[in-house]
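Novice:
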Amino acid sequence: MAWGKVLVAAVVFFLQSFLLLVAAEATNTASVPLTNNTEAKVRCVESERKALLRFKQNLTDPSDRLASWIGKECCIWRGVFCGVQTGNIIRLDLKDTSGNCYQKKMGYSISGNLSCLGGNISPALLDLQHLEYLDLGGNDFQGLATPTFLGSLEKLQYLNLSHSSLVGIPPSFGNLSSLQYLSLRAYSYPYDTVESSVKDLNWVSSLSSLTYLDLSYVNLSSATHWLESVNKLPSLVTLSLQSSSLHRLPHSFPNWNMTNLSILSLSRNNFVDSVLPKWLSNATTLETLDIGFTKIEGPISNVEWGKLCNLRELYLTEDKINGDISRLVEGLSSCSNTTIEVLGLAGNRLTGQFPNSLGHLKNLRTISISFNQISGSIPTSIKQLSRLKILDLGQNQLKGALPESIFNFTELTQLFLATNDWEGTLSENDFARLHQLKFLAISCGQRFAVNLSSEWIPPFSLTSIEVRKCGLGPKFPTWLKTQKQLRVVILSDDSISDPIPPWFWTMCSQLQLLDLSENGIGGNLPRLVNFPSSQSRTVDFYSSYNDGVVVDLSSNIFHGLLPLWPNVTHMNLANNLFSGSIPINIGHVMTKLRVLDLSGNTFTGSIPYSITRVKQLMRLDLSDNHLSGKIPDWWNDLQQLHVIDLSGNNLSGDIPPSICSPPSLFWLRLSRNNLFGELPRSFSSCKSLLTLDIGENKINGTIPEWFGESLLSLQKLSMMDNMIGGRIPTQLCQLFGLQILDLSHNNLTGPIPTCLGSWRALKSVKIYKWHPNYYHFSYVFTPKMELVKKGTRMTYTFTIDQVNLIDLSFNNLDGEIPNEITGLSALGTLNLSGNQLSGRIPEDIGSMQLLETLDVSSNHLSGSIPLSMASITTLSYLNLSYNNLGGPIPSKNQFGTFTNPSSFEGNPELCGKPLITDCSRPRQREMNKKTEDDEDEDEWLGFLVSAGIGFVVTFLVTFSSLTVKKSWGYSYFHFLEKVGERIIRIYTLKHRSRDGKTQKFIDLSGNTFTGFIPYSITRLKQLLKLDLSETFVWKDSGLVARSIACLEKAADNSCHGKKHCLSWQTRHEVADNQISNNPNLDMRFWN
-19 MAWGKVLVAA VVFFLQSFLL LVAAEATNTA SVPLTNNTEA KVRCVESERK
31 ALLRFKQNLT DPSDRLASWI GKECCIWRGV FCGVQTGNII RLDLKDTSGN
81 CYQKKMGYSI SGNLSCLGGN ISPALLDLQH LEYLDLGGND FQGLATPTFL
131 GSLEKLQYLN LSHSSLVGIP PSFGNLSSLQ YLSLRAYSYP YDTVESSVKD
181 LNWVSSLSSL TYLDLSYVNL SSATHWLESV NKLPSLVTLS LQSSSLHRLP
231 HSFPNWNMTN LSILSLSRNN FVDSVLPKWL SNATTLETLD IGFTKIEGPI
281 SNVEWGKLCN LRELYLTEDK INGDISRLVE GLSSCSNTTI EVLGLAGNRL
331 TGQFPNSLGH LKNLRTISIS FNQISGSIPT SIKQLSRLKI LDLGQNQLKG
381 ALPESIFNFT ELTQLFLATN DWEGTLSEND FARLHQLKFL AISCGQRFAV
431 NLSSEWIPPF SLTSIEVRKC GLGPKFPTWL KTQKQLRVVI LSDDSISDPI
481 PPWFWTMCSQ LQLLDLSENG IGGNLPRLVN FPSSQSRTVD FYSSYNDGVV
531 VDLSSNIFHG LLPLWPNVTH MNLANNLFSG SIPINIGHVM TKLRVLDLSG
581 NTFTGSIPYS ITRVKQLMRL DLSDNHLSGK IPDWWNDLQQ LHVIDLSGNN
631 LSGDIPPSIC SPPSLFWLRL SRNNLFGELP RSFSSCKSLL TLDIGENKIN
681 GTIPEWFGES LLSLQKLSMM DNMIGGRIPT QLCQLFGLQI LDLSHNNLTG
731 PIPTCLGSWR ALKSVKIYKW HPNYYHFSYV FTPKMELVKK GTRMTYTFTI
781 DQVNLIDLSF NNLDGEIPNE ITGLSALGTL NLSGNQLSGR IPEDIGSMQL
831 LETLDVSSNH LSGSIPLSMA SITTLSYLNL SYNNLGGPIP SKNQFGTFTN
881 PSSFEGNPEL CGKPLITDCS RPRQREMNKK TEDDEDEDEW LGFLVSAGIG
931 FVVTFLVTFS SLTVKKSWGY SYFHFLEKVG ERIIRIYTLK HRSRDGKTQK
981 FIDLSGNTFT GFIPYSITRL KQLLKLDLSE TFVWKDSGLV ARSIACLEKA
1031 ADNSCHGKKH CLSWQTRHEV ADNQISNNPN LDMRFWN
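Right, dumping it as structure tokens:
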């Protein structure tokens, strides 16, 4: 990822806005006669002067901008222009040119008085009957309804009310038949008190003279026929409807009437399920086309690009457009006079290769194709694009050597080459001609390297440098000293191990972003570093890194105490060796913090109260430390929090009621602590919660019904390894967006609710993505969640969006597997093992075509294996062991990959590969087995009768002799005790039920077994005694304890239910909560 992408987007936005302003000024100059009335000394009309004073009287003017509005000559007043011949007021220009009013609404701190006007707009303007130009843009009328009477100013040719916090568009504007310029751009998100909204655009069709229309950031979601309305404006040159909540973009449009349209901007709308429209091929006059950030889909070939020969700027950024990029390039290059200057195609699904015709587009200044799937090598014809200033090829599948000509583009200012499959080596000489370079982003790979000595003197002065995985170390690159204008430094995973030199900390006074993560840098961090100050303002969480100060030193070996750097807004020191307590004054010093990530260190003590002073804190991650004490109950003071992660500590006590107080909280992880008590009712306040992870604690009670009624946004829920009992409430089925449910290792009872099959998120192949595709979102938040998948515990980060999982294993659930669950066609993992489920495996399970993991082992399932399972080609992990399944194991398709017998063992009636049991003669096998069983019964019965008779005879013969010498008697009876014990032990093991699940005694003591105690032991629900003493050493006592915990009915009468009777002498520590469910089980492991 390239930090420069953000800056590129900003530049693109600036260029687009500049173009709109140029068009606006052109309209203004061409259509409205303007005169400098101050020099002409024109006398104003008295009635109009009085009208202006009445208008002024209703305004608020905190900076006294209208101080000149005194005296009789109104034509020399500020912002007032009169006609030369008549003296009538024809222009009123009161826009705020300082911009501080707009900045205030955007959340910046502004000192002094605001320069914007406010108050009310007086109908006195109606007395200015010759008014042709009215500009009130950039002021702040604080949600005032746009005055309807403005539609009566019939001579108006120019009307600008943009950024003025006026609400709504009155239909009376349709009466302004002379209007040529109309800007109602309402953008001041999210600081206006009321959102502008418009029901339709029918009134626009009456403005036949209109050449410029800007309704950006006006809510047009209800204006479904917007295109039909604006198509009635044949004179329209500029149409801007950015961020207007449009959701309909017609695929076909037969009668294109806007034959003069030059600029069309529809970016940042929500054209879901819309495709790139074919009617764009008819817009042959277009010079600028912007449909970026709209979710528009479809092939790039939908448009006949060869017809758009006037096109200069094309922006299709961050859409879902697919197809071969060569169709676009070849189409544009077919024009006799190619004019294209900007290709903005980043963040799509484009494939294919660049054709040689790329070199025909000689006017290109910007190529931005990052985050696509474009492959192949860069054509040599690129050398003809000598005017290139921005070349962004990052995050594709490009390969081969980089053409030397790229490094001869002397006008190049931005070069992004990261994350491709380049070959070769770049040296210092390759950069020798790039004197204008400001942004550089490179990442290396197995076949691509960058050789830059630490003493290199670059020929350029960079603003942003990003070099990843290029092995710049072990020395810290001293050539950074020469870069006096740096604002962004990203040297991640570069094998740097030298300490950070003092001169670099001095350079930090100008850095907005510092990323030295994933190196081997050690030492103590300085207590004070003077990073630049950032303006205090309310920001959007997802893009908060844009105007903050970001410091990422994670995954190094820094140690010592935590430093406090006052101006830093995003601090990530995760996965280092910091120790001690978190400073109690952290909230007093680092008041600007928005993100604090201290995870993966060894901090101790409690969470300091001073954090409540960091009012802008959006993410707090203190996971995987050694923090102790209770979770504090002061979350009411942190209303901006979006993420709380306190997992993996030693925190104890109840979950505090206030933890769901932040209204925007969407990620809450409290797992792997010692929390206890029931689920707090305050969770019902977590209306925005997407992820809740409270697994591996001591939470008890039941899952409350209100859980599924209140947390309707929930997508990921983990309560694994707690002490939660009761039934799974059917209200959970109302969580239609749930894609991860992990309730494993609890005490849940009852059947699996059939309504789980109604979860929409697990029915669709659609990828549910909760976070935006911003280039550096990871500096704000990287999700983390631990799940068991394919029998292995795994930690997921951004790939968590691709995980669809239901894990109900190791509970006490009964009944059948509901057939409705097979309707979850997008489910990837289903684990129902270690329960008491019965019945058959649903025949329709083959419809779960994305299933990768299926584990139903250690239940009471019967019947045959459904043949439809063989059609699940994605299935890579299967465990059907220890059930009562019978019949042949399917051998076709996917079942041919399951070669491990352990997937099917413990099912006596199963046959076929990979088991050794042959399916060829099932009837004969059954008869043989019955005969063998009968013979075994007779053999053992005879043995016991003979042993009994022998014992009596031997006793009678020897009794008299044993009474003569007592020592012989003691030895003899001890021997008999041992023999009898062995007989009973063997007989008990031999005479178990067919499925082994009613086994009550197991004595394997005094043997030499090795390895793990198997999970299948948990199937022995009737077990009363387990003796493994003096036998083996196991490798995971926690595994043993969790297995034993499932034996709910286990009891030893000799212990009388007392825990002190246990023989529990393991060589590893076992947590009390793991055996607390079975305090009566007599377990002898070591004596």
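Quick note: the sequence shown uses the numbering used here, first residue -19, plus one each step. Ideal Cβ placement from N, Cα and C applies to all residues, glycine included. Fair warning: this is a prediction, and the values are worked out from it, not measured in the lab.
1. So, for Val531: in the same chain, excluding its five sequence neighbours on each side, which residues have a beta-carbon less than 6 Å away from its beta-carbon?
2. Helix, strand or coil: which one does DSSP assign to Asn864?
3. In whole angstroms, what is the alpha-carbon distance linking Leu607 and Thr584?
4. Measure the beta-carbon distance from Gly737 to Gly803 and round it to whole angstroms, keeping in mind my assumption that it falls under 8 Å.
5. Going by DSSP in three states, Ala31 sits in which element: helix, strand or coil?
6. Just checking, does the stretch 488 to 504 make contact with the stretch 467 to 474 on the three C-beta pairs under 8 Å criterion?
7. My understanding is that Ala125 touches Gly148, with C-beta atoms under 8 Å, so please give their C-beta distance in whole angstroms.
8. Please report the straight-line C-alpha distance between Arg1138 and Gln426, rounded to a whole angstrom.
9. Return yes when the Cβ of Asn581 is within less than 7 Å of the Cβ of Gly540, no when it is not.
10. Under three-state DSSP, which class holds Asn400?
11. Ignore the nearest five residues each way along the sequence and tell me which others in Ser441's own chain have a CB closer than 7 Å to its CB.
12. Quick check on the burial criterion: 16 or more other C-beta atoms within 10 angstroms. Buried or exposed for Asp898?
13. Given that a residue counts as buried once 16 or more other Cβ atoms are within 10 Å of its Cβ, and exposed if not, what is Lys30?
14. With a threshold of 16 other CB atoms inside 10 Å of the CB of Asp44, please say whether the residue is buried or exposed.
15. Starting from the C-beta of Ala412, find all residues in its chain whose C-beta is less than 6 Å away, skip the five residues before and the five after it, and write them out in chain order.
16. Considering only residues of the same chain and omitting the five flanking positions on each side of Leu855, which have a CB-CB separation below 6 Å?
17. Work out the CA separation of Asn791 and Ser1034 for me, nearest whole Å.
18. Under three-state DSSP, which class holds Gly705?
19. Would Cys640 and Ser662 qualify as a contact pair, given that the criterion is a beta-carbon distance under 7 Å?
20. Helix, strand or coil for Met700? Go by DSSP, reduced to three states.
21. Rounded to whole angstroms, what is the Cα-Cα separation between Asn262 and Trp236?
22. If we call anything under 7 Å between Cβ atoms a contact, is Glu298 one with Gly324?
23. Are Arg740 and Phe716 close, meaning C-beta to C-beta below 7 Å?
24. How close, in whole Å, do the beta carbons of Ile70 and Tyr113 come, if the pair is a contact with beta carbons under 8 Å?
25. Which residues does DSSP pair with Pro279 in a beta bridge?
26. Tell me whether the beta-carbon of Gly303 lies closer than 7 Å to the beta-carbon of Ile320.
27. Any idea what DSSP makes of Trp647, helix, strand or coil?
28. Where do the N-terminal and C-terminal ends of the alpha helix (DSSP H) with Asp487 fall, by residue?
29. By a C-beta neighbour count over all protein chains shown, 10 Å radius and 16 as the cutoff for buried, is Thr772 buried or exposed?
30. Compare the beta carbon distance of His231 and Pro257 with 7 Å and say whether it is the shorter of the two.
31. Can you tell me whether Glu689 is helix, strand or coil according to DSSP?
32. If you check the beta carbons only, do Ile869 and Gly843 fall under 7 Å apart?
33. To the nearest angstrom, report how far apart Glu912 and Thr775 are at their CA atoms.
34. Are the beta-carbon atoms belonging to Asn38 and Gly99 less than 7 Å from one another?
35. Going along the chain, which residues of its own chain have a beta-carbon closer than 6 Å to the beta-carbon of Gln714, five neighbours each way excluded?
36. Thinking C-beta only, is Asp794 closer than 7 Å to Gln816?
Specialist: The answer reads as follows:
1. By 1-based counting over the sequence shown, the position of residue 531 is 551. These residues qualify, in order along the chain: Leu494, Val548 and Met551.
2. Your numbering for residue 864 matches position 884 in the sequence shown. If DSSP states are grouped into helix, strand and coil, Asn864 belongs with the strands.
3. The residue labelled residue 607 in the question sits at position 627 within the sequence shown. The residue labelled residue 584 in the question sits at position 604 within the sequence shown. Whole-angstrom Cα-Cα distance: 5 Å.
4. On the sequence shown, position 757 is the one that residue 737 refers to. On the sequence shown, position 823 is the one that residue 803 refers to. At roughly 5 Å, the Cβ-Cβ gap stays under 8 Å, so Gly737 and Gly803 are in contact.
5. Position 51 of the sequence shown, counted from the start, is the residue given in the question as residue 31. Note: Ala31 maps to helix in three-state DSSP.
6. Here the stretch 488 to 504 lies against the stretch 467 to 474, with 3 or more beta-carbon pairs under 8 Å apart.
7. Here residue 125 refers to the residue found at position 145 of the sequence shown. Here residue 148 refers to the residue found at position 168 of the sequence shown. Between Gly148 and Ala125 the Cβ distance is about 6 Å, and since that is below 8 Å, they are a contact.
8. The chain is shown only over -19 to 1067; residue 1138 falls outside these bounds and no answer can be derived.
9. One-based indexing of the sequence shown puts residue 540 at position 560. One-based indexing of the sequence shown puts residue 581 at position 601. No, they are not a contact pair.
10. Stepping through the sequence shown from its first residue, residue 400 is reached at position 420. Under the three-state reduction of DSSP, Asn400 is assigned to coil, being neither helix nor strand.
11. Stepping through the sequence shown from its first residue, residue 441 is reached at position 461. Gln463, Lys464 and Gln465, listed in sequence order.
12. Residue mapping note: residue 898 aligns to position 918 of the sequence shown, counting from 1. Per the 10 Å Cβ criterion, exposed.
13. Against the sequence shown, residue 30 aligns to sequence position 50. Label assigned to Lys30: exposed.
14. Reading the sequence shown from its first residue, position 64 is the one you call residue 44. It is exposed - the Cβ of Asp44 has fewer than 16 other Cβ atoms within 10 Å.
15. Here the question's residue 412 lines up with position 432 in the sequence shown. These residues qualify, in order along the chain: Pro439.
16. Counted from its first residue, the sequence shown places residue 855 at position 875. Excluding sequence neighbours, Leu855 sits near Leu831 and Gln874.
17. Looking up residue 1034 in the sequence shown gives position 1054. Looking up residue 791 in the sequence shown gives position 811. Residue confidence is low: Ser1034 scores 34 on pLDDT, short of 50, so the model does not pin down where it sits. Its coordinate-derived value is still stated next. Their backbone Cα atoms lie some 27 Å apart in a straight line.
18. The residue given as residue 705 occupies position 725 in the sequence shown. Three-state result, Gly705: strand.
19. For the purposes of this step, residue 640 is taken as residue 660 along the sequence shown, with counting starting at 1. For the purposes of this step, residue 662 is taken as residue 682 along the sequence shown, with counting starting at 1. Yes; because the gap between Cβ atoms is below 7 Å, this pair is in contact.
20. Taking the sequence shown and counting its residues from 1, one reaches residue 700 at position 720. Of the three classes helix, strand and coil, the one that applies to Met700 here is coil, per DSSP.
21. One-based indexing of the sequence shown puts residue 262 at position 282. One-based indexing of the sequence shown puts residue 236 at position 256. One C-alpha to the other measures close to 7 Å.
22. Counting from one through the sequence shown, the residue named residue 298 turns up at place 318. Counting from one through the sequence shown, the residue named residue 324 turns up at place 344. Contact: no.
23. Residue mapping note: residue 740 aligns to position 760 of the sequence shown, counting from 1. Residue mapping note: residue 716 aligns to position 736 of the sequence shown, counting from 1. For the pair Arg740 and Phe716, the CB atoms are nearer than the 7 Å cut-off.
24. Walking along the sequence shown from the start, residue 70 turns up at place 90. Walking along the sequence shown from the start, residue 113 turns up at place 133. Their Cβ separation, rounded to whole angstroms, is 7 Å, which keeps Ile70 and Tyr113 in contact under 8 Å.
25. As a position in the sequence shown, residue 279 is number 299, starting the count at 1. In DSSP, Pro279 forms a bridge with Asn302.
26. Numbered from its first residue, the sequence shown carries residue 303 at position 323. Numbered from its first residue, the sequence shown carries residue 320 at position 340. Here Gly303 is not near Ile320, since their CB atoms are 7 Å or more apart.
27. By one-based count along the sequence shown, residue 647 stands at place 667. Of the three classes helix, strand and coil, the one that applies to Trp647 here is strand, per DSSP.
28. For the purposes of this step, residue 487 is identified with residue 507 of the sequence shown, where counting begins at 1. Correcting the residue identity first, residue 487 is Met in this sequence and not Asp. Bounds of the alpha helix (DSSP H) holding Met487 are Pro482 to Met487.
29. As a position in the sequence shown, residue 772 is number 792, starting the count at 1. Exposed: under 16 other Cβ atoms inside 10 Å.
30. In the sequence shown, the residue the question calls residue 231 occupies position 251. In the sequence shown, the residue the question calls residue 257 occupies position 277. In contact: His231 and Pro257 (Cβ atoms closer than 7 Å).
31. In the sequence shown, residue 689 corresponds to position 709, counting from 1. It is helical.
32. In the sequence shown, the residue the question calls residue 869 occupies position 889. In the sequence shown, the residue the question calls residue 843 occupies position 863. No, the Cβ-Cβ distance between Ile869 and Gly843 is not below 7 Å.
33. As a working note, residue 912 is residue 932 in the sequence shown. As a working note, residue 775 is residue 795 in the sequence shown. In this predicted model, Glu912 has a pLDDT of only 49, less than 50, meaning its place in the structure is not dependable enough to derive any value.
34. Here residue 38 refers to the residue found at position 58 of the sequence shown. Here residue 99 refers to the residue found at position 119 of the sequence shown. Remark: C-beta atoms of Asn38 and Gly99 approach each other more closely than 7 Å.
35. Mapped onto the sequence shown, residue 714 falls at position 734. Gly688, listed in sequence order.
36. Counting from one through the sequence shown, the residue named residue 816 turns up at place 836. Counting from one through the sequence shown, the residue named residue 794 turns up at place 814. Taking 7 Å as the Cβ cut-off, Gln816 and Asp794 qualify as a contacting pair.
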